[in-house]
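**Q** This is the structure I want to talk about, given as structure tokens.
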Amino acid sequence: MDRIQGIALFVRVVETGSFSKAATSLGITQPTATKHIAFLEKRLGSLLLHRSTRGVTPTEIGQIYYEKCKVISRELEDADNLAALLQSKIQGKLSISSSVAFGRRILTPLVLEFMSQHPQLQVHLSLDDHYVNLVEEGIDLAIRMGRLPDSSLGSRYLGLNPWVLVASPAYLEEHGTPKHPTELAEHQALIYSSVQDNHRWHFSGADGAALSVPVKGPLYSNNLSTLLAATIAKMGLAALPWYVAHRSVKKGNLQPILTDWTLPSQEIHAVFSSPRLVPGKVSQYIDWLQGYFVGNWWERPENQTQLVESISTQ
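With this note's numbering applied, the sequence shown has no gaps in its numbers, which climb one by one up to 460 at the end.
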């Protein structure tokens, strides 16, 4: 038992007048409580308690020691309460990391909305398509796509990020619309270079059958906005996340193709540096995000349309 626990035990013994009651309230045995009080008296070189068949009472020195210990106990309780209060409040700095496209189109409006609800919060939002080491970079929270490798990081599942195969109506009018994935060999593919096996596109049919087809084309890029722009410019077909393609599809600038087949979806995770000690502002922001990425979540609320579009064009 450390000194703080010993102080708490001594205070409880004096207040209850009983070793057994004090031990029960602290979840230890009576012999353990008796042993630690005896050790405390030996360390201080003073008798702190009178023991009798009627109970336990403090000596003169024990009473003075009790008053001091009571002050210490109150200060410790106040410190614990303050820490709990600060943990429950959403304030201070929150560092968030995300990929560029997802950060601009989806996360930024959500961060700004969360900040408006918590004016004492200061957010450092970093958008980068490269892997970020949370510990080395001092990042509190990252939003990541795909399956997570085994690591010491903590994570919470948020939802799925579905993809869609699209082309501009002008491209399809000129080159024809593929009816089956095997026909993609006859078309120009605009390829996202940040995924493994990017020279092949993987599909699942309505019956669950898997099909992998090779693709090639004039443009490889690790930037989804670049691929979106090239697709609208009728340079070829592209596999894009729905959150990237949605507005262009809605406006008629792009058209989904091979809709009887589906591309693999990515899992969306909130990732943080420690699975055990999670700051309150981090866990509360994740709680706030939880449940957002369900259904057709990429279909943004109308009141965020202007904000998303202004960010996406920068």
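Every residue gets a Cβ at the ideal spot worked out from N, C-alpha and C, and that includes glycine.
1. Are at least three pairs of beta-carbons, each pair with one atom in the region 253-263 and one in the region 425-443, less than 8 Å apart?
2. How about L280 and V424: do their beta carbons lie closer than 8 Å?
3. Is F156 helix, strand or coil by DSSP?
4. Less than 6 Å between C-beta atoms, sequence neighbours within five positions excluded: which residues of the same chain meet that for S243?
5. Quick one: any contact between the region 324-342 and the region 350-369, if contact means 3 or more CB pairs under 8 Å?
6. Three or more beta-carbon pairs under 8 Å between the region 341-359 and the region 392-400, yes or no?
7. Closest to S166 by C-alpha separation, out of A154, T180 and I153, would be which residue?
8. Go ahead and pull the three-state DSSP assignment for S198.
9. My output table needs one value for H276: the three-state DSSP class, helix, strand or coil.
10. Pick out whichever of V159, P421 and Y431 has its Cα sitting closest to the Cα of S120.
11. Locate the beta strand (DSSP E) running through V359, then write down its first and last residues.
12. Since E329 is in the alpha helix (DSSP H), which residue starts that stretch and which ends it?
13. Residue range of the beta strand (DSSP E) that W102 falls in?
14. Does the region 372-379 come into contact with the region 299-308, if we say contact requires no fewer than three beta-carbon pairs (one atom in each stretch) closer than 8 Å?
15. Would you mind reading off the limits of the beta strand (DSSP E) that contains K380?
**A** Let me spell this out:
1. yes
2. Not a contact, by the Cβ cut-off of 8 Å.
3. helix
4. S272, V278, I285 and A288
5. yes
6. Judged by Cβ distances under 8 Å, the region 341-359 makes no contact with the region 392-400, as fewer than three pairs qualify.
7. Checking every option, the nearest Cα to that of S166 belongs to T180.
8. strand
9. coil
10. A query on residue 120 cannot be resolved here, the shown segment of the chain reaching from 147 to 460 and no further.
11. A356 to P360
12. Element bounds for E329: n/a, residue is neither H nor E.
13. The chain is shown only over 147 to 460; residue 102 falls outside these bounds and no answer can be derived.
14. no
15. No beta strand (DSSP E) contains K380, which DSSP labels as neither H nor E.
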